[in-house]
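Participant:
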Amino acid sequence: MSAIETGINGVAAFELRAFGDDRGWLAEVFRQDAFDHAPAMAYVSVTRPGKARGPHEHLAQSDLFVFAGPGEFEVYLYDGRAASPTRSASWSGRFGESRRAGMIVPPGVIHAYRCVSPVDGWVVNLPNRLYAGVGKSGPVDEIRHENLPASPFYSAFDRAWFAGE
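For any residue, its number in my numbering is found by taking its place in the sequence shown, counting from 1, and adding 1222.
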């Protein structure tokens, strides 16, 4: 796993090293000895071409996203943490089948991605918190910036692009 620099404190982005043969390929997406991250669950999402997920942030949850294909994504980050040394920094990159990568996004970093391929894009997430807590009986740790007209995220990125306009 080779590091990808984002310029945002606490974000760990890395290229996935694929090992292939005539059967296909495999890539490690998480190693306990490589990152200080303890997944609590895992899920896969499919995003249609031209559609976006986010922007949103979490108060306590860190996400470990895996962009390994199929599909391609533009990924966007904005550091909204008041005490962060990289406060207000933004970053974007392209990941997916052509550049397989993983990314740990800490609490307070606003994140979004949009499928930019002509086919559905798949993303795996291994967050360190259970969605809605144990038994899905607690609150959801999510601040949805797509519903906030004055979100600082949109000072760095184009709102219309995320809306597919």
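Every residue gets a Cβ at the ideal spot worked out from N, C-alpha and C, and that includes glycine. For clarity, every value in this text was computed on a predicted model and none was experimentally measured.
What's the gap between the Cα of LEU1248 and the Cα of ARG1239?
Facilitator: In the sequence shown, residue 1248 corresponds to position 26, counting from 1. In the sequence shown, residue 1239 corresponds to position 17, counting from 1. Computed Cα separation, rounded: 8 angstroms.
Participant: Just reading off the beta strand (DSSP E) that TYR1265 is part of, what are its end residues?
Facilitator: For the purposes of this step, residue 1265 is taken as residue 43 along the sequence shown, with counting starting at 1. Note, TYR1265: beta strand (DSSP E), 1265-1269.
Participant: Buried or exposed: which applies to GLU1294, given that a residue is buried once 16 or more other Cβ atoms fall within 10 Å of its Cβ?
Facilitator: In the sequence shown, counting from the first residue as 1, residue 1294 sits at position 72. Buried.
Participant: Could you check which residue in ASP1258, TYR1376, HIS1333 and HIS1278 has the C-alpha nearest to that of VAL1297?
Facilitator: As a first step, residue 1297 must be located in the sequence shown, where it is residue number 75. Of ASP1258, TYR1376, HIS1333 and HIS1278, the residue nearest in Cα terms is HIS1333.
Participant: Which same chain residues, not among the five before or five after PHE1391, have their C-beta less than 6 angstroms away from its C-beta?
Facilitator: The chain is shown only over 1223 to 1387; residue 1391 falls outside these bounds and no answer can be derived.
Participant: Using the Cα positions of TYR1335 and ARG1275, report the straight-line distance between them to the nearest angstrom.
Facilitator: Translated into positions along the sequence shown, residue 1335 becomes position 113. Translated into positions along the sequence shown, residue 1275 becomes position 53. Answer to the nearest angstrom: the Cα atoms are 6 angstroms apart.
Participant: Apply the 10 Å Cβ neighbour rule to LEU1348 and answer buried if 16 or more other Cβ atoms are within range, or exposed otherwise.
Facilitator: Here residue 1348 refers to the residue found at position 126 of the sequence shown. LEU1348 should be labelled buried.
Participant: Sort ALA1235, ILE1230 and PHE1375 by Cα distance to MET1223 and report the nearest one.
Facilitator: If you number the sequence shown from 1, residue 1223 lands on position 1. Measuring from the Cα of MET1223, the nearest candidate turns out to be ALA1235.
Participant: Would you call PRO1277 buried or exposed, if buried means 16 or more other Cβ atoms sit within 10 Å of its Cβ?
Facilitator: Working through the sequence shown from its first residue, we reach residue 1277 at position 55. Classification for PRO1277: buried.
Participant: Pick out whichever of PRO1307, ARG1303 and SER1339 has its Cα sitting closest to the Cα of SER1320.
Facilitator: Position 98 of the sequence shown, counted from the first residue, corresponds to residue 1320. That would be SER1339, whose Cα lies nearest to the Cα of SER1320.
Participant: Determine the direct distance from the alpha carbon of VAL1331 to that of THR1308, and round the result to whole angstroms.
Facilitator: As a working mapping, residue 1308 is identified with position 86 in the sequence shown. As a working mapping, residue 1331 is identified with position 109 in the sequence shown. Rounded to the nearest angstrom, the two C-alpha atoms are 10 angstroms apart.
Participant: By the 10 Å Cβ neighbour count, where 16 or more other Cβ atoms means buried, how is MET1263 classified, buried or exposed?
Facilitator: Indexing the sequence shown from 1 puts residue 1263 at position 41. The residue in question, MET1263, is exposed, as its Cβ has fewer than 16 Cβ neighbours within 10 Å.
Participant: Alpha carbons only, please: which of GLU1227, ALA1225, PHE1257 and ASN1231 is nearest the one belonging to PRO1329?
Facilitator: Working through the sequence shown from its first residue, we reach residue 1329 at position 107. Closest option to PRO1329, Cα to Cα, is ASN1231.
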